[in-house]
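Q:
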Amino acid sequence: MAEALLTVEDLRVGFETDDGRVQAVDGVSFELREGEVLAIVGESGSGKSVTAQTIMGLTRSPNAAFEGRIGFEGEDLLNASQEQLRRVRGNEIAMIFQDPMTSLHPVYKLGWQIAEQIQAHEQVSKADARERATELLRRVGIPSPESRIDNYPHEFSGGMRQRAMIAMALANSPRILIADEPTTALDVTIQAQIISLIGDLRSELGSVILITHDLGVVAEIADRVLVMYGGMVVEQGTLEELFYNPQHPYTWGLLGSLARVDGVKPRRLPSIAGAPPSLIAPPKGCRFRTRCPHEFDRCAELPPLAARAGGTQIDRCWLSPQEKAAKRAVEGRIGLEATA
Amino acid sequence: MSEAADTDALVEVDHLKQYFPIKSGLLIDREVARVHAVDDVTFSLRRGETFGVVGESGCGKSTLSRCLLRLLDPTAGTVRFEGRDITTLSRAQLRPLRSEMQMIFQDPYASLNPRKRVGQIVGDPIKLHGGAKGGEGSVKTRVQTLLERVGLQAEHYNRFPHEFSGGQRQRIGIARALALEPKLIVADEPVSALDVSVQAQIVNLLDDLQDDFGLTYVFVAHDLGVVRHVSDRVAVMYLGKVVEVSPAEELYTKPVHPYTAALLSAIPIPDPRENRARRRVVLQGDVPSPIDPPPACRFHTRCPFATEVCSTVEPPLVDYGGGHLVACHHPQNVSEQEIRAATVAPESPVSAGDLLPEPRGDSARAAAQSSS
Ligand SMILES: Nc1ncnc2c1ncn2[C@@H]1O[C@H](COP(=O)(O)OP(=O)(O)OP(=O)(O)O)[C@@H](O)[C@H]1O
Ligand SMILES: Nc1ncnc2c1ncn2[C@@H]1O[C@H](COP(=O)(O)OP(=O)(O)OP(=O)(O)O)[C@@H](O)[C@H]1O
Ligand code: SF4
Ligand SMILES: [Mg+2]
Ligand SMILES: [Mg+2]
Numbered sequence: 007m008a009e010a011l012l013t014v015e016d017l018r019v020g021f022e023t024d025d026g027r028v029q030a031v032d033g034v035s036f037e038l039r040e041g042e043v044l045a046i047v048g049e050s051g052s053g054k055s056v057t058a059q060t061i062m063g064l065t066r067s068p069n070a071a072f073e074g075r076i077g078f079e080g081e082d083l084l085n086a087s088q089e090q091l092r093r094v095r096g097n098e099i100a101m102i103f104q105d106p107m108t109s110l111h112p113v114y115k116l117g118w119q120i121a122e123q124i125q126a127h128e129q130v131s132k133a134d135a136r137e138r139a140t141e142l143l144r145r146v147g148i149p150s151p152e153s154r155i156d157n158y159p160h161e162f163s164g165g166m167r168q169r170a171m172i173a174m175a176l177a178n179s180p181r182i183l184i185a186d187e188p189t190t191a192l193d194v195t196i197q198a199q200i201i202s203l204i205g206d207l208r209s210e211l212g213s214v215i216l217i218t219h220d221l222g223v224v225a226e227i228a229d230r231v232l233v234m235y236g237g238m239v240v241e242q243g244t245l246e247e248l249f250y251n252p253q254h255p256y257t258w259g260l261l262g263s264l265a266r267v268d269g270v271k272p273r274r275l276p277s278i279a280g281a282p283p284s285l286i287a288p289p290k291g292c293r294f295r296t297r298c299p300h301e302f303d304r305c306a307e308l309p310p311l312a313a314r315a316g317g318t319q320i321d322r323c324w325l326s327p328q329e330k331a332a333k334r335a336v337e338g339r340i341g342l343e344a345t346a
Numbered sequence: 035m036s037e038a039a040d041t042d043a044l045v046e047v048d049h050l051k052q053y054f055p056i057k058s059g060l061l062i063d064r065e066v067a068r069v070h071a072v073d074d075v076t077f078s079l080r081r082g083e084t085f086g087v088v089g090e091s092g093c094g095k096s097t098l099s100r101c102l103l104r105l106l107d108p109t110a111g112t113v114r115f116e117g118r119d120i121t122t123l124s125r126a127q128l129r130p131l132r133s134e135m136q137m138i139f140q141d142p143y144a145s146l147n148p149r150k151r152v153g154q155i156v157g158d159p160i161k162l163h164g165g166a167k168g169g170e171g172s173v174k175t176r177v178q179t180l181l182e183r184v185g186l187q188a189e190h191y192n193r194f195p196h197e198f199s200g201g202q203r204q205r206i207g208i209a210r211a212l213a214l215e216p217k218l219i220v221a222d223e224p225v226s227a228l229d230v231s232v233q234a235q236i237v238n239l240l241d242d243l244q245d246d247f248g249l250t251y252v253f254v255a256h257d258l259g260v261v262r263h264v265s266d267r268v269a270v271m272y273l274g275k276v277v278e279v280s281p282a283e284e285l286y287t288k289p290v291h292p293y294t295a296a297l298l299s300a301i302p303i304p305d306p307r308e309n310r311a312r313r314r315v316v317l318q319g320d321v322p323s324p325i326d327p328p329p330a331c332r333f334h335t336r337c338p339f340a341t342e343v344c345s346t347v348e349p350p351l352v353d354y355g356g357g358h359l360v361a362c363h364h365p366q367n368v369s370e371q372e373i374r375a376a377t378v379a380p381e382s383p384v385s386a387g388d389l390l391p392e393p394r395g396d397s398a399r400a401a402a403q404s405s406s
């Protein structure tokens, strides 16, 4: 098994707000291995972005409280100094966002911004940095980069900006790339270009944490998947385990409610009743209890994240693997509702 | 096509154009260019059907939706609602029709007034359109019935929009749209802002309401999976033009326009093994600007099958039978016979000629000749 590059241990992130404390991340543990693409999926508000931003030290603020450990190259990033973080950020761990404009400065030329990023972490001349920036733009598929390098971000289309962001992320050959919904704001045909670009660049990108709500994208490029719900990891496994033998009822619901362009069209779309839980006053016990049709008395106690199905898979549901296998099929598809 | 009013049609859209002027100049507003947002679109909606509209950002889906409800004044063409041309009606004449056509928006939050309670949001249109015959009390009962019908509770009547989740807010928007018992609902990306699990709830709700109230839907979305699930027919738009219209299932199993085929193949399938087994076409390049769209076939700059004719002659909308219309010189997934039997559809844009696609044998020969 490949070595762990990054280890997140029992991470908790809470924010004090007027309405009370929002426990956005509530005991998340996982490791990112050398060379893998780890996808994080889950309901909106389940803590995916806060987890990623905390790794980058971007959630630090007076109203935030942290617990746990984020191990990277023998250091704990959660308790690292700003100085240490600056060294890591951009250089060893790079991040791209849904909206590239949040990381591109609107008044500077793109090439200058990429060259600047290179020079911030490496001793190279201006001319060399500019040349490397041009090469990077070419590498991510920007046509005639020699002239495009002097464009401003607003002169690029959405897809080109996302390419430029990837170029900037690659600038210092980071060991980890964190991509938070990198294709969500893009059209399907442009999304396909970016996904295939990330696929092509895999060897250069090191390890990737990909946050997305699109299980199609996950199926396309992830090696392992982490499913989050209500600030917690509810299931984790390899791509195959997760898609063909999902253990947690929330994962069944997620897979089942997709309206797909292929295969037989179900008469009704299976759905998950109700709304995601409050993070201020979450349900006691299993977080998914309030929406789970299979809930039983034991669910009042929080199930530990444990290996129940064999393989590398771990999940947070009290049902036995046999019960799970029996309960999750609907009309030949994976689904949340019990077979009638 | 236009005169003989189709009695089954609730809405007939005839050669509709919506251009937006782009002005420049500090002192005098000078029109320097035009956005061809909707460019000669013809189709009709049958009562009780769901008509899906898909296409990339900026292709004109929202503009088309707004024209259907006369929220815009079209540059040219007509929209008939129950046989009546609404493009020439005055505000006063439109008013009684407004209750018959409603819209549901993408962002349930932005479209609900944050300072109004749910009861007002849903009830105000009823009062405004004089539907409050039994007075205040009857409006309240009606609103509460509606709230329950869309899966909210009667006691939500006094709450404000911010107290609801995204999915619940979309339910409020739906209750508001239903309040006046419309015949037509135009839903512009109604589930795009919602979580997958909640999307399914809303899609099922819209489905049930259609059965109960005999509604006709126009369902605009960029998610082709959702559109497949809800639609009876689907129109694919590219840069202001309808490039393909088809019964829904057929569009997904037999896409004829290369753009439709590329769009479908660009969607990753949430099944790792099937995904790996699939052949994908990744389209090169960006979507061109609708200000200066490519001539002739607007897709020719990105099309893997384009030949010279594609950049010189606008392909007409051609009827392949069974209501499957496609505007392309090199149709995919159709047989030689189907191509020979095809005719130019009355829905075809005026600017397109009547050049029918050549049966493949001939075009293959032509391609071989032109490349040699
Ligand atoms: N600075 C903050 N102060 C208070 N609450 C916050 C703060 N940042 C995030 N949250 C809350 O933490 C929760 C988790 O947010 P996060 O952005 O991680 O969700 P997510 O899983 O990325 O969702 P999405 O899919 O919508 O992007 C949300 O309820 C959010 O409102
Ligand atoms: N009021 C307006 N003035 C000028 N241009 C406009 C106006 N409204 C829309 N447009 C332009 O018309 C084109 C079509 O826009 P429209 O909003 O209909 O696209 P859409 O298909 O709904 O896209 P999206 O998927 O992004 O919602 C775009 O280029 C848009 O910028
Ligand atoms: S007409 Fe030509 S360019 Fe246009 S879609 Fe068909 S093959 Fe492609
Ligand atoms: Mg997020
Ligand atoms: Mg739109």
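From first to last, the protein sequence lines are chains G and H. Just add 6 to the spot in the first sequence (first one is 1) and you have the numbering used here. Just add 34 to the spot in the second sequence (first one is 1) and you have the numbering used here. Where a beta carbon is used, it is the ideal one built from N, C-alpha and C, also for glycine.
Can you check DSSP and say which residues form a bridge with residue 415 of chain H?
A: Past the boundaries of the shown model lies residue 415 of chain H; chain H is included only from 35 to 406, so the question cannot be answered.
Q: Between residue 382 of chain H and ligand 6, is the CB less than 7 Å from at least one heavy atom?
A: The ligand content of the structure shown is limited to ligand 1, ligand 2, ligand 3, ligand 4 and ligand 5, which means ligand 6 is not among them.
Q: Does residue 271 of chain G get closer than 8 Å to chain H when you measure Cβ to Cβ?
A: It does: the Cβ of residue 271 of chain G has a partner Cβ on chain H nearer than 8 Å.
Q: Report the neighbours of residue 195 of chain G on chain H: residues whose CB is nearer than 7 Å to its CB, in chain order.
A: Within chain H, the residues near residue 195 of chain G are 90, 296, 297, 300, 317.
Q: Looking at residue 389 of chain H: is its Cβ nearer than 8 Å to the Cβ of residue 347 of chain H?
A: Yes, Cβ-Cβ distance for residue 389 of chain H and residue 347 of chain H is below 8 Å.
Q: Is it the case that the segment 243 to 262 of chain H contacts the segment 215 to 225 of chain H, given that we only count it when at least three CB pairs across the two stretches are under 8 Å?
A: Yes, they touch.
Q: Could you name the residues of chain G that residue 353 of chain H contacts, counting a contact when the two beta carbons are closer than 7 Å?
A: By Cβ distance, chain G contributes nothing, its closest Cβ being about 24 Å from residue 353 of chain H, past 7 Å.
Q: Looking only at DSSP bridge pairs, what is residue 288 of chain H linked to?
A: Looking at the DSSP assignment, residue 288 of chain H forms no beta bridge with any residue, so it has no partner.
Q: With a threshold of 7 Å (Cβ to nearest heavy atom), would residue 56 of chain G be considered close to ligand 2?
A: Outside the cutoff, so no.
Q: Could you tell me how far apart the beta carbons of residue 214 of chain G and residue 185 of chain G are, in whole angstroms, since I believe they sit closer than 8 Å?
A: Correct: roughly 6 Å between the Cβ atoms.
Q: What's the gap between the Cα of residue 322 of chain G and the Cα of residue 259 of chain H?
A: Each residue's Cα considered, the two are about 30 Å apart.
Q: Sort out for me which residues DSSP pairs residue 161 of chain H with in a bridge.
A: BP columns for residue 161 of chain H are empty, so no partner.
Q: Residue 310 of chain H lies in the alpha helix (DSSP H); which residues open and close that run?
A: 306 to 311 is the extent of the alpha helix (DSSP H) around residue 310 of chain H.
Q: If you measure from the beta carbon of residue 367 of chain H to each beta carbon in chain G, is any gap under 8 Å?
A: Not one chain G Cβ lies under 8 Å of residue 367 of chain H.
Q: Near residue 339 of chain H, which residues of its chain fall below 6 Å by C-beta distance, leaving aside the five closest residues on each side in sequence?
A: These residues qualify, in order along the chain: 292, 364.
Q: Is the Cβ-Cβ distance between residue 350 of chain H and residue 387 of chain H less than 8 Å?
A: Yes. Within cutoff.
Q: Residue 49 of chain G versus chain H: which residues are under 8 Å apart at the beta carbon?
A: Going along chain H in sequence order, the residues near residue 49 of chain G (Cβ under 8 Å) are 229, 231.
Q: Does residue 35 of chain H pass the burial test, meaning 16 or more other C-beta atoms within 10 Å, or should it be called exposed?
A: Bear in mind that a pLDDT of 43 at residue 35 of chain H, under 50, signals an unreliable position, so the number given afterwards is only what the model happens to contain. Classification for residue 35 of chain H: exposed.
Q: Which residues of chain G have a Cβ atom closer than 7 Å to the Cβ of residue 140 of chain H, listed in chain order?
A: Within 7 Å Cβ-Cβ: nothing; residue 140 of chain H doesn't reach chain G, min ~14 Å.
Q: Does ligand 1 have even one heavy atom less than 7 Å from the beta-carbon of residue 28 of chain G?
A: Yes.
Q: For residue 149 of chain H and chain G, any beta-carbon pair shorter than 8 Å?
A: False, the Cβ-Cβ gap to chain G never drops below 8 Å.
Q: Can you list the beta strand (DSSP E) stretches of 3 or more residues lying completely in the segment 297 to 336 of chain G, in chain order?
A: The segment 297 to 336 of chain G contains no whole beta strand (DSSP E) run of 3 or more residues.
Q: Using the beta-carbon of each residue, find all residues closer than 7 Å to any heavy atom of ligand 5 and list them in chain order.
A: Here the residues come out as H:95, H:96, H:222, H:223, H:254.
Q: Beta-carbon separation of residue 45 of chain H and residue 79 of chain H under 8 Å?
A: Yes, Cβ-Cβ distance for residue 45 of chain H and residue 79 of chain H is below 8 Å.
Q: Which residues does DSSP pair with residue 43 of chain H in a beta bridge?
A: Paired residue(s): H:80.
Q: Compute the Euclidean distance between the alpha carbons of residue 54 of chain H and residue 70 of chain H, then round it to the nearest angstrom.
A: Their Cα atoms are separated by approximately 7 Å.
Q: Hey, is residue 284 of chain H's beta-carbon within less than 8 Å of any beta-carbon in chain G?
A: So, not an interface residue.
Q: Cβ of residue 258 of chain H less than 8 Å from any chain G Cβ?
A: For residue 258 of chain H, the answer is yes, since a Cβ of chain G falls inside 8 Å of its Cβ.
Q: Check whether the segment 153 to 161 of chain G touches the segment 114 to 126 of chain G, taking contact to mean three or more Cβ pairs, one atom from each stretch, closer than 8 Å.
A: Yes, the segment 153 to 161 of chain G is in contact with the segment 114 to 126 of chain G.
Q: Taking the runs of the beta strand (DSSP E) that are 3 residues or longer, which of them lie wholly in the segment 228 to 272 of chain H?
A: Here the runs fully enclosed are 250 to 254, 267 to 272.
Q: Taking the DSSP output, what are the residues bridged to residue 87 of chain H?
A: Looking at the DSSP assignment, residue 87 of chain H forms a beta bridge with H:254, H:269.
Q: Would you call the segment 171 to 180 of chain H and the segment 225 to 241 of chain H touching, i.e. three or more CB-CB distances under 8 Å?
A: With the cut-off at 8 Å, the segment 171 to 180 of chain H and the segment 225 to 241 of chain H do not touch.
Q: Could you tell me whether the Cβ of residue 346 of chain G comes closer than 8 Å to any Cβ of chain H?
A: At residue 346 of chain G, the pLDDT of 35 sits below 50, so the modelled position is not reliable; the number obtained from the coordinates is stated separately. No, residue 346 of chain G lies away from the interface with chain H (no Cβ there is under 8 Å from its Cβ).
Q: Can you tell which of G:91, G:38, G:139, G:32 has its C-alpha closest to the C-alpha of residue 71 of chain G?
A: When each option's Cα is compared against that of residue 71 of chain G, the closest is G:32.
Q: So with Cβ pairs under 8 Å, would you call residue 207 of chain H a contact of chain G?
A: With 8 Å as the cut-off, residue 207 of chain H does not count as an interface residue toward chain G.
Q: Enumerate in chain order the residues of its own chain whose CB-to-CB distance from residue 141 of chain H is below 7 Å, with the five nearest sequence positions on each side excluded.
A: Contacts found: 227.
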